[in-house]
Structures are given as structure tokens and as C-alpha cells.
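Here the first sequence is numbered in our numbering, starting from 1 and rising by one per residue.
Quick reminder that beta carbons are idealized off the backbone N, C-alpha and C, glycines included.
Here's the structure we're looking at; comments come further down.
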Amino acid sequence: MVNFTKTASDPGSRARTGVLSTAHGEIRTPVFMPVGTVGSVKGVYHRDLADDIGAEIILGNTYHLYLRPGLDIIRQAGGLHKFENWDRPILTDSGGFQVFSLSQIRKITSEGCRFSSHIDGSRHMFTPENNVDTQRIIGADIMMALDECCPGDADRAYASKSLKLTQGWLERYSKRFKESEPLYGYEQTFFPIIQGCTYPDLRVQAAEHALEFSEAGIAIGGLAVGEPTEVMYKILEVLDPVIPQDKARYLMGVGTPANILEGIARGVDMFDCVMPTRNARNGMLFTWEGTMNMRNAKWAEDFSPIDPLGTSFVDHSYTRAYLHHLFIAGEMFAAMLASEHNLAFYLELVRAARAHIEAGDFASWKDSTVKRLSRKI
RNA sequence: GUGCGAUUAGUUCAGUUGGUAGAGCACCAGAUUGUGGUUCUGGGUGUCGUGGGUUCGAGCCCCACAUCGCACC
């Protein structure tokens with residue numbers, strides 16, 4: 001049985017620690033989940049993901065995996081865990097966000113969403129029912145409900161209409177989930193998603209509805225999609241008292257190191273974001289002292305370690321000058337080293353947060369840390 | 001040795017009837033939030049080969065020289 005247990009709370013904030021138990025192992029929260037869209041965390045060995053970085057769970061994406069390699073291949077492989085050789089937990093996003101962000105041609109109705117593939121233009125449709133079936137085939141430990149991600153600047157009428165659609169889909173998704181079985185002999189759970197855009201009353205209504213379908217956890221979607229950061233924090237504060245303490249809270253797609261600490265301070269347990277890996281490929285490193293753009297000429301003759309405070313082996317095995325050279329030369333090794341560093345930093349960040357929550361001094365630590373993290377060096 | 005062509009940003013090259021120069025790439029910066037190994041934004045970094053001449057004014061016209069390329073002897 002997939003379940004969440006709260007283990008400690010911080011006296012100065014809403015932060016808490018917990019354990020989410022799944023068939024593929026326990027996840028200690030707060031946690032950051034590296035994104036592995038198409039069955040790979042880009043540029044990182046699974047060995048390093050587990051042992052060097054310390055990832056306890058990674059993501060896969062239903063939209064991408066459905067289009068390529070396709071469900072037949074994944075079923076033949078025995079599920080995504082076996083296919084990509086990862087024996088720790090996996091969470092799959094439903095693909096609702098990708099239909100929103102990637103597909104040029106899409107039509108959303110109460111039945112589901114029609115879209116055309118960004119790969120070959122072929123036409124497809126996701127319904128709540130076939131989305132459950134698809135995530136059963138992928139075999140994720142945690143499946144995500146199909147939802148419509150509302151733009152951050154949507155007006156109230158649109159946000160309200162969109163929310164109703166998401167809620168109708170959720171009811172059908174939950175029904176199909178209960179009526180279906182796992183394919184590979186281990187239990188799966190699913191998280192409903194709270195939408196409602198930037199409107200507090202819609203968010204509360206959305207949370208109350210979604211909680212009816214929540215098992216171990218619940219997700220907060222539709223944030224960090226164009227609205228100001230303060231608005232996102234405000235929504236988290238509105239939702240915190242509405243969600244019971246025994247549900248894991250997953251803030252989807254967020255974010256910067258500062259966003260994560262502020263999210264933890266507002267009761268969030270789980271995060272995922274492409275930022276550590278995508279920005280790594282563009283030469284940006286996150287460190288305890290701030291961000292570094294490794295493409296900048298100032299690193300050309302800096303023969304000190306990549307990050308003296310870093311926990312990854314790459315931080316101490318290679319110099320800044322070398323990494324700078326690799327980026328300027330366009331070497332794929334540059335993206336690999338930077339991705340390894342950034343993910344190791346993100347995981348160290350949430351490990352440190354857990355330690356400070358357990359020590360009871362998270363709030364003050366968070367305030368001083370956020371300032372350091374936001375600098376440019 | 002002779003003839004022809006070329007010489008403009010780091011590089012490859014544009015540059016109108018003469019009005020003190022632009023583009024791609026590179027380079028230098030910035031962005032990136034449920035990932036299309038992307039993408040986007042901003043920045044011109046110059047002794048127009050050298051020295052003379054014509055002209056109110058020359059990257060452009062004239063002369064000489066230098067260097068490179070091609071062809072011929």
C-alpha cells in the first residue's frame with residue numbers, strides 16, 4: 001500500500017518531513033524528483049543518479065513515452081522501470097501539461113483532449129480512461145491525473161470553466177483507476193491535481209474536490225506558469241490548511257532553489273523541475289553561494305574545483321576552467337558534468353532542508369539561505 | 001618574370017551613381033519552472049592591406065608598393 005507518514009514539523013513554519021512508501025522503496029520528504037521525460041534523466045547515468053546524486057524517485061512523461069517508443073514497446077519491456085533499468089520509484093506526469101505546452105493543434109472537450117504529435121503531426125486523443133490505462137502500462141509507482149493546465153494569466157471565467165473540466169476528468173480518472181489493475185505485480189497510486197489558477201476561492205474549492213479522490217498524496221498544478229512568484233506563494237498559503245497533514249503535497253514543475261525552500265516553508269513535500277538539467281545544458285550551475293554561468297569568460301583561467309562545497313564527485317574531480325572550456329567547445333561532456341552537479345545540489349538542498357526541519361530551525365536557515373542562493377557569482 | 005583577380009569585424013563575405021561601414025557564424029552578456037539536447041533576448045568587438053593622389057568629401061576613382069590566389073612563360 002502506497003502511503004505517506006509525516007515524521008516531523010518545523011516550529012517556525014509550515015515545513016514538515018515525512019516518508020512516502022511505495023513498492024519500489026521509501027521516499028523521504030521534502031524531496032526533489034529529477035525529470036526523466038522520455039525514460040532518461042538527460043546526460044546522467046542511473047548509477048550516478050542513485051549513488052552520487054542520491055535521487056530517491058525520478059519522473060517519466062506519459063505524453064512523450066506514449067508517442068515514443070509507444071505503449072507496445074514499453075509493455076514488451078515489462079514496464080518503464082525495467083525498460084530504463086531504474087529500480088527505485090517512478091512518477092509519471094499525465095501529459096496534460098505537454099498537450100498544453102507542446103502541441104500546436106489541440107482541442108479540449110469534456111470528453112478529453114485531442115492533439116497532434118510534435119514529432120510527426122499524427123493525431124491522438126487522451127481521455128481520463130485511456131490515460132489511466134497508459135500509465136498502468138508504463139507502470140509508474142505514482143500516476144498523475146489528467147488535468148488541464150490553466151495559463152497563469154487566465155481570467156476568472158476561463159479558470160472556472162477549466163477547473164470544472166479538470167474536476168470532471170478527475171472523477172472519471174478515479175473510477176477507471178479503481179476498476180483497473182496494475183500490470184506488473186506491484187501496487188500503483190495516483191495523485192489528483194488541484195487547479196484553479198490564481199483565484200484563492202477556486203483553489204480551495206478545487207482542493208476540497210480533489211481530496212475526495214486522494215489516496216497517499218495530492219498535487220498542486222498550474223503554478224509557475226507565468227504568474228508572479230508572490231502569487232504562487234500566496235496560493236500555497238491558502239491551500240496549506242485545507243489539505244490534511246497525512247497527504248503528501250506535490251508542487252508540480254517548481255522550481256528555483258529559492259522556490260523550493262519557500263515551498264517547503266509553506267508545507268510542500270515534493271518538487272520536480274527541468275531547471276537543474278535544462279539550465280545545466282546551457283552552462284548554468286546552482287551552488288550554495290549563488291548561480292554561475294560557466295560560459296562566462298571569467299572562468300577561463302580558474303583552476304579551482306567546480307564547487308568546493310559540492311557533494312558530487314564531479315565538483316572535486318574537475319576544474320572550472322575545464323568545464324568552461326567544454327562548454328565553449330560544445331562538448332556533450334559539459335552538459336553531463338553540469339547536470340550531475342546541479343542535480344546533486346538540488347538533492348543536497350532538500351536533504352539539508354530535512355535536517356533543519358528535524359532540528360527545528362528550518363525557518364531561520366531558509367531565510368538566510370535563500371539570500372545566498374539568489375546571488376550571481 | 002608577365003597577366004588577371006583578391007585584400008573590409010575573430011572568420012566567411014556584402015557594401016548602391018563617391019556622403020566616414022553591415023550580415024551569417026564565432027565571440028561577449030542575459031533569460032530559461034509538470035524538458036523538443038532546445039530556444040529566445042541584447043551587444044559590433046573595425047587603422048576598410050600600406051603609402052600617396054583626385055575631390056568639399058574616398059571602402060568605392062587614379063598611381064605605387066606589399067601579401068595571397070589563379071593562369072601563362
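query: Straight-line CA distance for residue 190 to residue 297?
result: Here the question's residue 190 lines up with position 190 in the first sequence. Here the question's residue 297 lines up with position 297 in the first sequence. Cα to Cα, residue 190 sits roughly 47 Å from residue 297.
query: How big is the Cα-Cα spacing for residue 66 and residue 260?
result: Locating residue 66 in the first sequence gives position 66, counting from the first residue. Locating residue 260 in the first sequence gives position 260, counting from the first residue. The straight-line gap from Cα to Cα measures roughly 30 Å.
Three-way DSSP call (helix, strand, coil) for residue 32 in this model: If you number the first sequence from 1, residue 32 lands on position 32. Three-state result, residue 32: strand.
message: Helix, strand or coil, according to DSSP, for residue 101 in the structure here?
response: Here the question's residue 101 lines up with position 101 in the first sequence. Three-state result, residue 101: helix.
Selected residue, minimal CA-CA separation from residue 18, among 336, 338, 368 and 270: Your numbering for residue 18 matches position 18 in the first sequence. Minimum Cα distance to residue 18 is reached at 270.
message: Strictly by DSSP, which residues pair up with residue 193?
response: As a first step, residue 193 is located in the first sequence; it is residue number 193 there, counting from the start. Answer is 219, bridged to residue 193.
message: According to DSSP, is residue 183 part of a helix, a strand, or is it coil?
response: Here residue 183 is taken as the residue at index 183 of the first sequence, counted from 1. Coil, per DSSP.
- prompt: Which ranges would you report for the alpha helix (DSSP H) in the region 225-295 if only whole runs of at least 4 residues count?
  reply: Listed in chain order, they are 229-239, 257-265 and 275-281.
query: If you draw a straight line from the C-alpha of residue 170 to the C-alpha of residue 326, how long is it?
result: Mapped onto the first sequence, residue 170 falls at position 170. Mapped onto the first sequence, residue 326 falls at position 326. Straight-line Cα distance between these residues: approximately 47 Å.
query: In chain order, what residues of the same chain have a beta carbon less than 8 Å from the beta carbon of residue 289, not counting five sequence neighbours either side?
result: Against the first sequence, residue 289 aligns to sequence position 289. Once the five neighbours on either side are set aside, the close Cβ partners of residue 289 are 309, 372, 375 and 377.
- request: Could you round the C-beta distance between residue 143 and residue 98 to whole angstroms and report it? I think they count as a contact, below 8 Å.
  value: Residue 143 sits at position 143 when you count from the first residue of the first sequence. Residue 98 sits at position 98 when you count from the first residue of the first sequence. The Cβ separation is near 15 Å, so there is no contact.
message: Quick check: residue 378 and residue 275, are their CB atoms within less than 9 Å of each other?
response: Nothing in the structure corresponds to residue 378, since the chain is present only between 1 and 377.
- prompt: With respect to the alpha helix (DSSP H) encompassing residue 14, which residues constitute its N-terminal and C-terminal limits?
  reply: Sequence index remark: in the first sequence, residue 14 carries index 14 (1-based). Careful: residue 14 lies outside any alpha helix (DSSP H) and carries neither H nor E.
message: Is it buried or exposed, residue 61, if we count other Cβ atoms within 10 angstroms and call 16 or more buried?
response: In the first sequence, the residue the question calls residue 61 occupies position 61. Classification for residue 61: buried.
- request: Determine the closest residue to residue 217 out of 56, 91, 35 and 165, with distance taken between C-alpha atoms.
  value: For this step, residue 217 is matched to residue 217 along the first sequence. Ranking the options by Cα distance to residue 217, first place goes to 91.
message: If I measure Cβ to Cβ from residue 112 and keep anything under 6 Å in the same chain, skipping five residues before and after, which residues do I get?
response: As a position in the first sequence, residue 112 is number 112, starting the count at 1. Within the same chain, residue 112 has close Cβ partners 125, 126 and 127.
task: Put residue 96 into one of helix, strand or coil per three-state DSSP.
output: For the purposes of this step, residue 96 is identified with residue 96 of the first sequence, where counting begins at 1. It is helical.
message: To the nearest angstrom, how far is the alpha carbon of residue 366 from that of residue 14?
response: The sequence position of residue 366 within the first sequence is 366, counting from 1. The sequence position of residue 14 within the first sequence is 14, counting from 1. Straight-line Cα distance between these residues: approximately 12 Å.
Distance between residue 115 and residue 137 (C-alpha atoms, nearest Å): Here the question's residue 137 lines up with position 137 in the first sequence. Here the question's residue 115 lines up with position 115 in the first sequence. The alpha-carbon atoms of residue 137 and residue 115 are separated by roughly 21 Å.
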